[in-house]
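**Student:** As you go down the protein sequences, you meet chains A and B in turn.
To convert, note that position 7 of the first sequence is 1008 in my numbering; the numbers rise steadily by one, no gaps.
To convert, note that position 56 of the second sequence is 1057 in my numbering; the numbers rise steadily by one, no gaps.
Here's a structure for you.
Number of protein chains: 2
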Amino acid sequence: MYGLIGRIKAVPGQREALSTILMEGASSMPGCLSYVVALDPADPDALWVTEVWDSEASHKASLALPVVKDAITRGKPLIAAFDQYIQTVPVGGHGLRATI
Amino acid sequence: MYGLIGRIKAVPGQREALSTILMEGASSMPGCLSYVVALDPADPDALWVTEVWDSEASHKASLALPVVKDAITRGKPLIAAFDQYIQTVPVGGHGLRATI
């Protein structure tokens, strides 16, 4: 498995709009086992995104999906910075759900 | 929802044993929507644990479950340090699975 833990700073006032865009395509990405968007309670502009994929290839392939490309186009102007971007190797747990 | 993102340093050589213990109770904790254990590819002793709960109360209550208390007893000697412990407010996504 392939995992990502990222912290994104939204343009001030745009965190909610950005989180909605990020979640839109989350359930229709082949190979995506988990994709969770969370607010950072310590920073009104920060979001955490945690992802689990069956492989790094599935993650890369998702970037070419129309739903994801559209989300990137709409989300990009709302992002101020990616301030953490951590790759992981998930080994298991609960809530890893295959896409249809 | 209530989320946690934690980075745990295992005692050298004990990361695999610790990850196994952490995962054992993951699917039987009421209110736990996601609990993923991942290796840090940049540090042979580090693990990431990402959790999503329906509420902070469910997370706190889980600490009293026999399966969790037992895991804590067995896992504690294998932990060198908790070096990050971040609380989040998950808003949604994919892979959030209710416990039975």
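By construction, the Cβ of each residue, glycine as well, lies at the ideal position given by its N, Cα and C atoms.
Name the residues in the region 1014-1048 of chain B whose C-beta lies less than 7 Å from a C-beta of chain A; which are they?
**Tutor:** Result list: S1020, M1024, A1027, S1028, C1033, L1034, S1035, Y1036, V1037, V1038, A1039, L1040, D1041, P1042.
**Student:** How many Å lie between D1041(A) and G1014(A) at the Cα?
**Tutor:** C-alpha separation (whole angstroms): 14 Å.
**Student:** Could you please tell me which residues of the region 1049-1078 of chain A, in chain order, have their CB closer than 7 Å to any CB of chain B?
**Tutor:** Against chain B - using a Cβ distance shorter than 7 Å - the residues of the region 1049-1078 of chain A are W1049, T1051, V1053.
**Student:** Is V1069(A) helix, strand or coil by DSSP?
**Tutor:** helix
**Student:** Less than 8 Å between the CB atoms is what I'm expecting for A1039(A) and V1090(B), so what's the real figure, rounded?
**Tutor:** 6 Å
**Student:** To be precise: take each residue of the region 1081-1098 of chain B, compare its Cβ to all Cβ atoms of chain A, and keep it if any distance is under 7 Å. Which residues remain?
**Tutor:** Here the close residues are Q1088, T1089, V1090, P1091, V1092, G1093, G1094, H1095, G1096, L1097, R1098.
**Student:** Does the Cβ-Cβ distance between I1073(B) and A1011(B) come in under 8 Å?
**Tutor:** Not closer than 8 Å, so no.
**Student:** How big is the Cα-Cα spacing for W1049(A) and G1076(B)?
**Tutor:** In a straight line, the C-alpha of W1049(A) is about 27 Å away from that of G1076(B).
**Student:** Please classify E1017(A): is it buried, with 16 or more other beta-carbons within 10 angstroms of its beta-carbon, or exposed?
**Tutor:** E1017(A) comes out exposed.
**Student:** Are the CB atoms of A1047(B) and R1008(B) within a distance shorter than 8 Å?
**Tutor:** yes
**Student:** Hey, G1096(A) and G1096(B): beta-carbon distance below 8 Å or not?
**Tutor:** Yes, Cβ-Cβ distance for G1096(A) and G1096(B) is below 8 Å.
**Student:** So is S1036(B) buried or exposed if we call it buried at 16+ other beta carbons inside 10 Å?
**Tutor:** Note that residue 1036(B) is Tyr in the sequence shown, not Ser. Residue environment: Y1036(B) is assigned as buried (16 or more neighbouring CB atoms within 10 Å of its CB, all protein chains considered).
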